[in-house]
Amino acid sequence: MDTIKIANAPCSWGALEFDLGAAAPDHLQVLQEIRETGYVGTELGDWGFMPTEPAALRAVVGGQGLDLIGAFVPVALADEAAHEEGITSALRVAGLLKDAGYPEAVIVLADDNGTVAERTIHAGRISPNMGLDEAHWSTFARGATAIAKAVRDRHGMRTVFHHHCAGYVETPEELDKLLSLTDPELLGLCFDTGHYAFGGGDPLAGIAKYRDRIWHVHFKDYDPQVGKQSRRKGWDYFESVRQGVFCELGKGSVDFAGVLEVLKSTDYQGWIVVEQDVLPGMGTPKVCARNNRVYLEHLGI
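Throughout, my numbering is defined as the position within the sequence shown, counted from one, plus 9.
This is the structure in structure tokens:
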């Protein structure tokens, strides 16, 4: 287990890729609190949250003794017209990470979540008729492949896909479909325990099933009681997050001990990133981050 390192990410402080009209803490506070609560790495956050000049980025991250291990890049992959801009965005982010001295960081590619009304409104209760048709699946996979190839060819860096509620790859069946349409040597998987659970899957079964494809892991817990309320009351994705569907580690239904056993038994040597998604201004992020780190310490990591 010494090969697994534990990070946290700006989304645990409400610094999200969505335009929610409220301010999160600045990057200096977030980085300091990540360090103070026992983590050794972080992700970049939305473009512009941290410095976008390599030396300045290295200074603020390294100044806290942290490693920068990945960056979230959302792209509307089902829309072919968005692919070129998506490649440009991913290359910009990858170039920043590499030039700042983090060539081992991964691009965490995702759908442009929260932008399609039907998917956002029905997050956590997606039915097959809300999904992509075959033509759009082909477009989606082609876009993900093109971005991963561009990042590899230009910067020698890896890309992982992040399944995510309120996007077109939310359910286990949708994740299966995307992985079947893409090259496992080119596009890895960022497995997120909380999103997989909210999307209707069993995280322990999922991480065992996809283990050979997993290059990056997000630890997020899921509160099934909040999920049940979301279904009953018809909450959209953001209201579910506001109501605490992603709770502190150990307080929801995810079997983290079991997940860790799978990772141990298969010699996983990547990062685990703790993410407790909250909206800007919500909760007490530093307290939650520390509680989550203590929980993982009790599990032996």
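C-beta atoms are modelled at their ideal positions from N, C-alpha and C, and glycine is treated no differently.
Notebook entry, point to check: Taking C-beta to C-beta, are N138 and G176 nearer than 8 Å?
Noted result: Locating residue 138 in the sequence shown gives position 129, where the first residue counts as 1. Locating residue 176 in the sequence shown gives position 167, where the first residue counts as 1. Not in contact: N138 and G176 (Cβ atoms no closer than 8 Å).
Item checked: Ranges of the alpha helix (DSSP H) found wholly within the stretch 79-137, counting only runs of at least 4 -> 92-108, 126-130
Next item on the list: Please state whether DSSP places I310 in a helix, a strand or coil.
Entry: Looking up residue 310 in the sequence shown gives position 301. Looking at I310 - three-state DSSP - the assignment turns out to be coil, as it is neither helix nor strand.
Item checked: Rounded separation between G74 and T12 - CA only -> Indexing the sequence shown from 1 puts residue 74 at position 65. Indexing the sequence shown from 1 puts residue 12 at position 3. Approximately 18 Å between the Cα atoms of the pair.
Next item on the list: Give the range of the alpha helix (DSSP H) segment to which V39 is assigned.
Entry: Position 30 of the sequence shown holds residue 39. Where V39 is concerned, the enclosing alpha helix (DSSP H) stretches over 36-45.
Margin query: Measuring straight from C-alpha to C-alpha, what distance separates L29 and L288?
Written below: Along the sequence shown, one-based indexing puts residue 29 at 20. Along the sequence shown, one-based indexing puts residue 288 at 279. Caution is warranted here: a pLDDT of 49 is assigned to L29, below 50, making its placement in the model unreliable, and no coordinate value can be reported.
Check: For Q285, is the classification buried or exposed, using 16 other Cβ atoms within 10 angstroms of its Cβ as the cut-off for buried?
Finding: Numbered from 1 along the sequence shown, position 276 holds the residue referred to as residue 285. Classification for Q285: buried.
Item checked: Per-residue DSSP class, three states only, for E62 -> By 1-based counting over the sequence shown, the position of residue 62 is 53. Residue state, collapsed to three classes: coil.
Margin query: Tell me which residues share the same chain as G197 and place their Cβ nearer than 8 Å to its Cβ, disregarding the 5 neighbours each side in the sequence.
Written below: Counting from one through the sequence shown, the residue named residue 197 turns up at place 188. For G197, where only same-chain residues beyond five positions count, the Cβ hits under 8 Å are V115, R167, T168, V169, F170, R222, I223, W224, H225.
Check: Does the stretch 83-93 come close enough to the stretch 138-149 that 3 or more CB-CB pairs lie under 8 Å?
Finding: The stretch 138-149, when compared against the stretch 83-93, does touch it at the 8 Å Cβ threshold.
Checklist line | Top-ranked residue by Cα proximity to C174, from L305, V254, S98 | finding: Taking the sequence shown and counting its residues from 1, one reaches residue 174 at position 165. The shortest C-alpha to C-alpha distance from C174 to any of L305, V254, S98 is the one to V254.
Margin query: Checking 8 Å against the spacing of the C-beta atoms, do I43 and I281 come in under that value?
Written below: What you label residue 43 is simply residue 34 of the sequence shown in a count that begins at 1. What you label residue 281 is simply residue 272 of the sequence shown in a count that begins at 1. Pairing I43 with I281 gives a Cβ-Cβ distance that is not under 8 Å.
Notebook entry, point to check: Closest Cβ-Cβ distance between D245 and chain C: below 8 Å?
Noted result: Going by chain labels, chain C is absent from the structure shown, which holds only one protein chain.
Checklist line | Contact set for G210: own chain, Cβ-Cβ below 6 Å, skip 5 residues either direction | finding: Position 201 of the sequence shown, counted from the first residue, corresponds to residue 210. If we look at G210 and ignore the five residues flanking it on each side, its Cβ neighbours are P181.
Check: Looking only at DSSP bridge pairs, what is L213 linked to?
Finding: If you number the sequence shown from 1, residue 213 lands on position 204. Bridge partners of L213: none, in fact.
Check: Is the number of C-beta pairs between the stretch 50-61 and the stretch 100-110 that are closer than 8 Å three or more?
Finding: yes
Check: When the Cα of S98 is compared with those of D185, L118, D162, which residue comes out closest?
Finding: Here residue 98 corresponds to residue number 89 of the sequence shown, with the count starting at 1. Measuring from the Cα of S98, the nearest candidate turns out to be L118.
Check: Distance, Cα to Cα, V69 vs E45?
Finding: Here the question's residue 69 lines up with position 60 in the sequence shown. Here the question's residue 45 lines up with position 36 in the sequence shown. If I take the Cα positions, the gap works out to 15 Å.
Check: Which same chain residues, not among the five before or five after R220, have their C-beta less than 7 Å away from its C-beta?
Finding: Within the sequence shown, numbered from 1, the residue matching residue 220 stands at position 211. Only V271, T275 meet the Cβ criterion.
Note to self: Going by DSSP, what residue range makes up the beta strand (DSSP E) through G197?
What the structure shows: Taking the first residue of the sequence shown as 1, we reach residue 197 at position 188. Here the beta strand (DSSP E) through G197 covers 196-201.
Next item on the list: Return the first residue and the last residue of the alpha helix (DSSP H) that I156 is part of.
Entry: Taking the first residue of the sequence shown as 1, we reach residue 156 at position 147. First-last of the alpha helix (DSSP H) with I156: 143-164.
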